[in-house]
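Take a look at the structure set out below.
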Amino acid sequence: RKDHPGLEAVSCGAILSNYQRLRVESVCETLGLKVLAFMWMQDQSRLLRQMIEGGLDARIVKVASMGLEAKHVGRSILESDFASYVFKLGSQWGVHVCGEGGEYETAVLDAPLYRHVVRLSS
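Sequence positions in the sequence shown follow our numbering and run 2 to 123.
Below is the structure:
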């Protein structure tokens, strides 16, 4: 906080994970910061649609769920066929479409608030 004296709050991406939310809240309390948890307990299908409509280029970096395989790593939620597949997994098998059950992890490479696209090299 001393390096960023104007910092007032931290945005937390937790949707369902009490562990994640409580950890962020604990750190923020220690630092005297507010926690912004806009996605907390929101409907995941709605959130994923909002992310897609908002142009969030979230790429799959890890899979750990029935129906998701290594071939899906690197795929973006902006790819309509992949997004449809994730929604299908949710409706057929109860997979958390935002990955809140640990089904997958993502890295956001581009978003409207980013100044530059994150480029990955092999």
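Cβ coordinates follow ideal geometry from the N, Cα and C atoms, glycine included.
Could you tell me the alpha carbon to alpha carbon distance between residue i and residue j, rounded to whole angstroms?
| i | j | result |
| --- | --- | --- |
| Gly-68 | Asp-4 | 44 angstroms |
| Met-42 | Ser-18 | 9 angstroms |
| Lys-89 | Leu-49 | 13 angstroms |
| Ala-71 | Asp-58 | 19 angstroms |
| Glu-80 | Glu-54 | 12 angstroms |
| Gly-102 | Val-96 | 8 angstroms |
| Tyr-105 | Ile-61 | 7 angstroms |
| Pro-6 | Thr-31 | 15 angstroms |
| Arg-22 | Ala-108 | 19 angstroms |
| Lys-63 | Gln-93 | 21 angstroms |
| Ser-12 | Met-40 | 10 angstroms |
| Val-98 | Glu-9 | 31 angstroms |
Locate the beta strand (DSSP E) running through residue i, then write down its first and last residues.
| i | result |
| --- | --- |
| Leu-49 | Where Leu-49 is concerned, there is no enclosing beta strand (DSSP E), although the alpha helix (DSSP H) it sits in stretches over 45-54. |
| Arg-120 | Counting along the chain, Arg-120 falls outside any beta strand (DSSP E), and DSSP gives it neither H nor E. |
| Ser-12 | 10-12 |
| Ala-59 | 58-64 |
| Leu-110 | 105-111 |
Give the single residue among the options whose Cα lies nearest to the Cα of residue i.
| i | options | result |
| --- | --- | --- |
| Ser-46 | Leu-121, Tyr-115, Leu-114, Gly-100 | Gly-100 |
| Ala-112 | Met-40, Ala-10, Gln-51 | Gln-51 |
| Leu-110 | Met-40, Gly-75, Val-87, Ile-16 | Gly-75 |
| Gly-91 | His-117, Asp-44, Ala-108 | Asp-44 |
| Tyr-115 | Phe-39, Gln-21, Ser-123, Gly-56 | Gly-56 |
Who pairs with residue i in a beta bridge, going by DSSP?
| i | result |
| --- | --- |
| Lys-35 | Ala-10 |
| Ser-77 | Arg-60 |
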